[in-house]
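Student:
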Amino acid sequence: MSKTQLMVNQWCDAGEVNLAGKTLQRVDSYVYLGRELNMRNNIAPEITRRRRAAWAAFGSIREVTDQIKDPALRASIFNASVLPAMCYATETWPDNETIAKAMRTTHRALERCLLKTSRYQQWHQGLRSTELREKSQLKDPLQYMQRMKHRWAGHLLRRNDDRWSLRVTEWLPRNKTRPLGRPPTRWADSFTKYFRQRGLPHWMQVARNRAVWRSCGPR
Numbered sequence: 001m002s003k004t005q006l007m008v009n010q011w012c013d014a015g016e017v018n019l020a021g022k023t024l025q026r027v028d029s030y031v032y033l034g035r036e037l038n039m040r041n042n043i044a045p046e047i048t049r050r051r052r053a054a055w056a057a058f059g060s061i062r063e064v065t066d067q068i069k070d071p072a073l074r075a076s077i078f079n080a081s082v083l084p085a086m087c088y089a090t091e092t093w094p095d096n097e098t099i100a101k102a103m104r105t106t107h108r109a110l111e112r113c114l115l116k117t118s119r120y121q122q123w124h125q126g127l128r129s130t131e132l133r134e135k136s137q138l139k140d141p142l143q144y145m146q147r148m149k150h151r152w153a154g155h156l157l158r159r160n161d162d163r164w165s166l167r168v169t170e171w172l173p174r175n176k177t178r179p180l181g182r183p184p185t186r187w188a189d190s191f192t193k194y195f196r197q198r199g200l201p202h203w204m205q206v207a208r209n210r211a212v213w214r215s216c217g218p219r
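Its first residue numbered 1, the sequence shown is counted upward by one per residue in UniProt numbering.
#1: How about Leu-114 and Ser-136: are their beta carbons less than 7 Å apart?
#2: CB-CB under 6 Å to Phe-58, same chain, minus the five flanking residues each way: which ones, in chain order?
#3: Opposite Arg-50 in the DSSP bridges: which residues?
#4: Might you give, ordered along the chain, the residues of its own chain that have their beta carbon closer than 6 Å to the beta carbon of Val-17, omitting 5 neighbours on each side?
#5: Ignore the nearest five residues each way along the sequence and tell me which others in Pro-141's own chain have a CB closer than 7 Å to its CB.
#6: What are the residues that DSSP puts in a beta bridge with Arg-26?
#7: Can you check the region 53-112 for any beta strand (DSSP E) of at least 3 residues that lies completely inside it and give the ranges in chain order?
#8: Whose C-beta lies closer than 7 Å to the C-beta of Arg-35 among residues of the same chain, with five residues either side of it excluded?
#9: Count the other C-beta atoms from every protein chain shown that fall within 10 angstroms of the C-beta of Arg-51, then say buried if there are 16 or more, exposed otherwise.
#10: From the DSSP secondary-structure annotation, give me the bridge partner or partners of Asn-18.
#11: Straight-line CA distance for His-150 to Pro-184?
#12: From what residue to what residue does the alpha helix (DSSP H) around Arg-119 run?
#13: Who are the Cβ neighbours of Thr-192 in its own chain at under 7 Å, not counting the five residues just before and after it?
#14: Would you say Arg-158 and Arg-208 are within 7 Å of each other, going by their C-beta atoms?
#15: Just confirm the distance between the C-beta atoms of Arg-178 and Pro-94, as a whole number of angstroms; I'd bet it's less than 8 Å.
#16: Does the beta-carbon distance from Pro-218 to Arg-147 come in below 7 Å?
#17: Are there 16 or more other CB atoms within 10 angstroms of the CB of Ala-72, so buried, or fewer, so exposed?
#18: Could you tell me the boundaries of the alpha helix (DSSP H) in which Leu-115 lies?
#19: For the candidate residues Val-168, Ser-60, Thr-92, whose alpha-carbon lies nearest to that of Leu-33?
#20: For a test of the three-state rule: what should DSSP assign to Arg-182, helix, strand or coil?
See below:
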């Protein structure tokens, strides 16, 4: 009971909610299954949490990686511990440049620390980010996120247990239009754009076939 909280959207005019004689605390956001949720559709706080989690994970292995000379082994440890912490639950995020820039920036900073270099040293030596990646042998975080999202989408669409996650993905509002101006990027927009540009069937139809879905996913 001490962890039970109440969160409502902007259309709810609810008063106090009592459960077992106790009034539930009303909050604007809360962390559920490792991810911060809010009704403002604002993912920025969760991006910040993921970046902090990545640095915390790196701090836990830094003493070990500092002593490892083999780049492949060092990268393997990093990819197995830091990358999952940084990208946890990102398969549920939309794809936009703001998210990509934040994740890319954090990963490059971690990469420099892994290689024991700084931005100034990188600039002074004339090293490009691609050259640092060759040295570090780390996985690209955006490609990692794309693979996670592609795998999750296939898993989601092949469900037949009528969960809310599938209902929300397939739901189309009736007699409603999006507001004027550039609307926020939706979770499925990247799939819709990819399949439409290539003249393929709708992604929801393709995702229900595991073999075909895997063949058209990111490598």
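We put the CB at the ideal spot given by N, CA and C, even for glycine.
Tutor: Here's the rundown:
#1: yes
#2: Val-82, Leu-110
#3: The partner list for Arg-50 (beta bridge, DSSP) is empty, contrary to what the question assumes.
#4: Leu-6, Leu-24
#5: Leu-83, Met-86, Cys-87, Met-103, Arg-104, His-107
#6: Leu-6
#7: none
#8: Glu-46, Ala-89
#9: buried
#10: Thr-23
#11: 20 Å
#12: 119-124
#13: Trp-203
#14: yes
#15: Going by Cβ atoms, the distance from Arg-178 to Pro-94 rounds to 14 Å, so no, they are not a contact pair.
#16: yes
#17: exposed
#18: Premise fails: Leu-115 is in no alpha helix (DSSP H) and is neither H nor E.
#19: Thr-92
#20: coil
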